[in-house]
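**Student:**
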Amino acid sequence: MGRYIDEILQPGEKVLYSTNAHWIFYLPAIAAWIVALVLLILSRATITESIILLCLAAAAVVAIAALYWTVTAWFHRWTTETDVTNLRVVHKAGFIKRRTFEMSLDKVESVDVNQSILGRLLNYGNVTVRGVGEGAETIQTIAAPLDFRNHITAR
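In case it helps, my numbering puts the sequence shown at residues 3 to 157.
(1) Using 8 Å as the Cβ pair cut-off and three pairs as the minimum, do the segment 82 to 100 and the segment 50 to 57 touch?
(2) Helix, strand or coil for A62? Go by DSSP, reduced to three states.
(3) Are the segment 79 to 91 and the segment 115 to 125 touching, with three or more C-beta to C-beta distances below 8 Å?
(4) Just mark Y70 as buried or exposed, buried being the case when its beta carbon has 16 or more other beta carbons within 10 Å.
(5) What ranges does the alpha helix (DSSP H) occupy inside the segment 8 to 73, keeping only unbroken runs of at least 4 residues that lie completely in it?
(6) Got a sec, what are the start and stop residues for the beta strand (DSSP E) I119 sits in?
(7) Taking contact to mean 3 or more Cβ pairs, one atom from each stretch, closer than 8 Å, check whether the segment 99 to 115 and the segment 131 to 149 are in contact.
(8) Tell me which residues share the same chain as Y6 and place their Cβ nearer than 6 Å to its Cβ, disregarding the 5 neighbours each side in the sequence.
(9) Output yes or no for whether 9 Å exceeds the beta carbon distance between T140 and T155.
(10) Who are G127's beta bridge partners in DSSP?
(11) Take R101 and list the residues in its own chain whose beta-carbon comes closer than 8 Å to its own, dropping the five residues that flank it on each side.
(12) By Cβ distance, which residues of its chain are closer than 7 Å to K16, with the 5 residues on each side in sequence left out?
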């Protein structure tokens, strides 16, 4: 399966910038993996049989949750594309249930970037693209939102 943007490019259209969902989607999975590792270490640090079994069981449950969160974050990042071409802005999310947004660069009125403090530190944020007569579309939690905005507004 190729990239969505490669399937919809018009003749003479070139991709100028591509970004994706930020890796912050992995944060719950990373935290859960750390908890599972700590529980595993605790099971080795104790000598009481019931506490060892409790720690191992808790580590297994947390590891299953961590695996689920890892797979869902990876799948979200794999099925989300955000691109700027020389003609339009394209955003695609989803695999079976697909949601796309396309706006001609000529119709873009403004591009707003909303970043939290953590978003500023880790370089992610939400971008709202407002179009003339087309409304506004917000793209959530993308990597390098200022670069994305600059590629839309610079001509």
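Built from N, CA and C at the ideal position, the CB exists for glycine as well.
**Tutor:** Put simply:
(1) Contact fails: fewer than three Cβ-Cβ distances are below 8 Å.
(2) A62: helix per DSSP, three-state reduction.
(3) Because the criterion of three Cβ pairs below 8 Å is not met, the segment 79 to 91 and the segment 115 to 125 do not touch.
(4) Exposed.
(5) List check, alpha helix (DSSP H) in window: 29 to 47.
(6) No beta strand (DSSP E) holds I119; the alpha helix (DSSP H) holding it covers I119 to L124.
(7) Touching, yes.
(8) Correct list, in chain order: E83 and K94.
(9) The answer is no: Cβ separation not under 9 Å.
(10) According to DSSP, which records beta bridges pairwise, G127 is partnered with I144.
(11) Contacts found: K94 and A95.
(12) Residues T87 and N88 of the same chain have their beta carbon placed closer than 7 Å to that of K16, with the five preceding and five following residues left out of the count.
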